[in-house]
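*Asks:* 10 is the number that this note's numbering gives to position 10 of the sequence shown; each next residue is one higher, with no gaps.
Positions of the beta carbon are idealized from the N, C-alpha and C atoms, including for glycine.
Treat the numbers as computed from the prediction; the structure is a model and nothing was measured.
Below you'll find the structure I mean.
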Amino acid sequence: MTEEWLPGNKAELMTAIEEEWQALITLADSLTDEQMTTLDEGGWSPKDNLAHLTEWMNILMGYHMDKRPYYDVVGVSQAELPEWSVEAANSILFKRNQSRPRAEVLDHLKRVYALLMKKLDETPFEDLLKPRHADRPDPLLLWVLGDTTEHFQEHRETIERAIKT
Numbered sequence: 001m002t003e004e005w006l007p008g009n010k011a012e013l014m015t016a017i018e019e020e021w022q023a024l025i026t027l028a029d030s031l032t033d034e035q036m037t038t039l040d041e042g043g044w045s046p047k048d049n050l051a052h053l054t055e056w057m058n059i060l061m062g063y064h065m066d067k068r069p070y071y072d073v074v075g076v077s078q079a080e081l082p083e084w085s086v087e088a089a090n091s092i093l094f095k096r097n098q099s100r101p102r103a104e105v106l107d108h109l110k111r112v113y114a115l116l117m118k119k120l121d122e123t124p125f126e127d128l129l130k131p132r133h134a135d136r137p138d139p140l141l142l143w144v145l146g147d148t149t150e151h152f153q154e155h156r157e158t159i160e161r162a163i164k165t
């Protein structure tokens, strides 16, 4: 998450998310089947990156916005993920999605994005400015940006670098 830019209202937020989404989905839709499954130096394909983004939009909605237990949102037992760890969650999610076909990954990505945008549209901007955690002053808005605009850009750039090699 970054504090470089914060939208001043809901319209700015939704526009920023949509702009990064369009750049990401345009790239994803342009990739060949071979490009979509070619591994980068970290061992992830563009398809893996897109599945990852889908999972994190779900985490944003379920864990951060709805405040459901992290393990429930990830879809595991508390014993499998005894404490919140981004690295552990990413490992679980990567393994879960690695063998899914391209079309299924893209369809799921687009459906979850639509659900998230609907949820954000229905959430008052003032609620996004409230702290996510009682013991920390960081607003929920930082998690929204971190799991949308910033995350979309990060993974789009990762995919762009990988397909250039």
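With DSSP collapsed to three states, give me the class of Gly-46.
*Replies:* The sequence given here has Pro at residue 46, not Gly. Residue state, collapsed to three classes: helix.
*Asks:* Using CA coordinates, which residue listed in Asn-9, Leu-128 and Pro-46 is at the minimum distance from Ile-163?
*Replies:* Cα-wise, what sits closest to Ile-163 is Pro-46.
*Asks:* Which residues does DSSP list as the beta-bridge partners of Pro-139?
*Replies:* According to DSSP, which records beta bridges pairwise, Pro-139 is partnered with Pro-131.
*Asks:* Would you mind sorting Glu-122 into buried or exposed? The rule is 16 or more other CB atoms within 10 Å of its CB.
*Replies:* Counting Cβ neighbours within 10 Å, Glu-122 comes out exposed, since fewer than 16 surround it.
*Asks:* May I have the straight-line CA-CA distance separating Met-36 from Asp-147, to the nearest angstrom?
*Replies:* About 22 Å.
*Asks:* With DSSP collapsed to three states, give me the class of Thr-38.
*Replies:* Reduced to three states, the DSSP call for Thr-38 is coil.
*Asks:* Are the segment 48-64 and the segment 108-115 touching, with three or more C-beta to C-beta distances below 8 Å?
*Replies:* These segments touch.
*Asks:* Does the Cβ-Cβ distance between Phe-169 and Leu-24 come in under 8 Å?
*Replies:* There is no way to answer for residue 169, as the model of the chain reaches only from 1 to 165.
*Asks:* For the alpha helix (DSSP H) containing Val-86, list its first residue and its last residue.
*Replies:* That run of the alpha helix (DSSP H) goes 86-97.
*Asks:* Does the distance from the CB of Met-65 to the CB of Tyr-113 come in under 8 Å?
*Replies:* Not a contact, by the Cβ cut-off of 8 Å.
*Asks:* Sorted by chain position, which residues of the same chain lie with C-beta nearer than 8 Å to Pro-139's C-beta, five sequence neighbours on each side aside?
*Replies:* Same-chain partners within the cutoff: Leu-128, Leu-129, Lys-130, Pro-131 and Arg-132.
*Asks:* Measure the Cβ-Cβ separation of Val-76 and Ile-92 and say whether it is below 8 Å.
*Replies:* Cβ distance < 8 Å, so Val-76 and Ile-92 count as in contact.
*Asks:* What residue does the alpha helix (DSSP H) around Val-105 start on, and which one ends it?
*Replies:* Element bounds for Val-105: 102-122.
*Asks:* How would you call Glu-160, buried or exposed, if buried means at least 16 neighbouring beta carbons within 10 angstroms?
*Replies:* Counting Cβ neighbours within 10 Å, Glu-160 comes out exposed, since fewer than 16 surround it.
*Asks:* Taking Leu-115 as the reference, which of Ser-99, Tyr-70 and Ile-59 has the closest Cα?
*Replies:* Per the Cα distances, Ile-59.
*Asks:* Could you check if Thr-2 is buried or exposed, using at least 16 other CB atoms within 10 Å of its CB as the buried criterion?
*Replies:* Note that Thr-2 scores 45 on pLDDT, short of 50, meaning its location in the model is unreliable; the coordinates nonetheless yield the value given after this. Thr-2 comes out exposed.
*Asks:* Classify Ser-77 as helix, strand or coil using the three-state DSSP reduction.
*Replies:* Ser-77: coil per DSSP, three-state reduction.
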